[in-house]
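J.: Residue numbers (my numbering): 396 to 614.
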């Protein structure tokens, strides 16, 4: 159980009550928050996830985490009114899960972000990895993440066999949400040979694919 600090809570309440900022109406405060929290489109700034140690791309707003009250007023403005760049190369859905967890702690829904910025989650299929694709399918089955977006998943895609099969897999998972994952996974495994027929790297696991990609780059 969290410790209670009545003295600190009293000081916090007094500070808010005496702050000129909170004498302003909520509409005016939102205008002020947006001045600080809306990223610059001209500079192509965005909230980025999945870029490893490249901290310059991992934009966050310290203002959102100043205190609980300011967080309540600013979290949706920052996280739902800016564009995203979420790198899920090779169907690695871990960055999307990390963002989903951040949303959950802030009381926001990841689906709201998807509605505002439908092209946020970008997937480059290559390097292919069955061991990354199946966790994404499982997480989609549970509702933890949404559909991938990228050149293989746009409205005009699906003309090649590989894209068609992957899209069909996600469609099947969506239709079978009421079925336990083990049964769904077994059905997906039976479709894997079709992908292997399109591109033999689908027969490899993630580590093998990365090693092959490195050797291809060196040659």
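Note that CB positions come from ideal geometry on N, CA and C, so glycine has one too.
Note that this is a predicted model, so its numbers are computed, not measured.
For residue 444, write down the residues that DSSP places opposite it in a beta bridge.
T.: Numbered from its first residue, the chain shown carries residue 444 at position 49. Answer is 481.
J.: Rank 475, 440, 538 by C-alpha distance to the C-alpha of residue 488 and give the top, closest one.
T.: One-based indexing of the chain shown puts residue 488 at position 93. When only C-alpha atoms are compared, the closest one is 538.
J.: Which residues in the same chain as residue 589 place their Cβ atom closer than 8 Å to its Cβ, once the five residues preceding and following it in sequence are excluded?
T.: Counting from 1 along the chain shown, the entry for residue 589 is found at position 194. These residues qualify, in order along the chain: 556, 560.
J.: I need the DSSP call for residue 586, collapsed to helix, strand or coil.
T.: Within the chain shown, residue 586 is the residue found at index 191, counting from 1. In the structure shown, residue 586 sits in coil (DSSP, three-state: anything other than H, G, I, E or B).
J.: How long is the line joining the alpha carbons of residue 431 and residue 467, rounded to whole angstroms?
T.: Taking the first residue of the chain shown as 1, we reach residue 431 at position 36. Taking the first residue of the chain shown as 1, we reach residue 467 at position 72. Distance between the alpha carbons of residue 431 and residue 467: 15 Å.
J.: Do you know whose CA, among 596, 500, 504, 490, lies nearest residue 525's CA?
T.: In the chain shown, the residue the question calls residue 525 occupies position 130. Ranking 596, 500, 504, 490 by Cα distance to residue 525 puts 596 first.
J.: So, do the stretch 497-512 and the stretch 573-581 have three or more beta carbon pairs nearer to each other than 8 Å?
T.: The stretch 497-512 vs the stretch 573-581: no contact.
J.: Since residue 532 and residue 568 are thought to touch, with beta carbons under 8 Å apart, how far apart are those beta carbons, to the nearest angstrom?
T.: Mapped onto the chain shown, residue 532 falls at position 137. Mapped onto the chain shown, residue 568 falls at position 173. Rounded, the Cβ-Cβ distance is 5 Å, consistent with contact.
J.: Give every residue of the same chain whose Cβ lies closer than 7 Å to the Cβ of residue 540, excluding the five residues on either side of it in the sequence, and list them in chain order.
T.: The count along the chain shown starts at 1 and reaches residue 540 at position 145. Answer for residue 540: 488, 491, 492, 495, 531, 534, listed in chain order.
J.: State the CB to CB distance for the pair residue 456 and residue 480, rounded to an integer number of angstroms; the pair is presumed to be in contact (CB under 8 Å).
T.: Indexing the chain shown from 1 puts residue 456 at position 61. Indexing the chain shown from 1 puts residue 480 at position 85. That pair is no contact at about 16 Å.
J.: For residue 562 and residue 500, I'd like the C-alpha separation in whole angstroms.
T.: Within the chain shown, the letter at position 167 stands for residue 562. Within the chain shown, the letter at position 105 stands for residue 500. Residue 562 and residue 500: Cα-Cα distance of roughly 31 Å.
J.: Report yes if the CB atom of residue 459 is closer than 9 Å to the CB atom of residue 486, and no otherwise.
T.: Taking the first residue of the chain shown as 1, we reach residue 459 at position 64. Taking the first residue of the chain shown as 1, we reach residue 486 at position 91. In this structure, residue 486 does not lie closer than 9 Å to residue 459 by Cβ.
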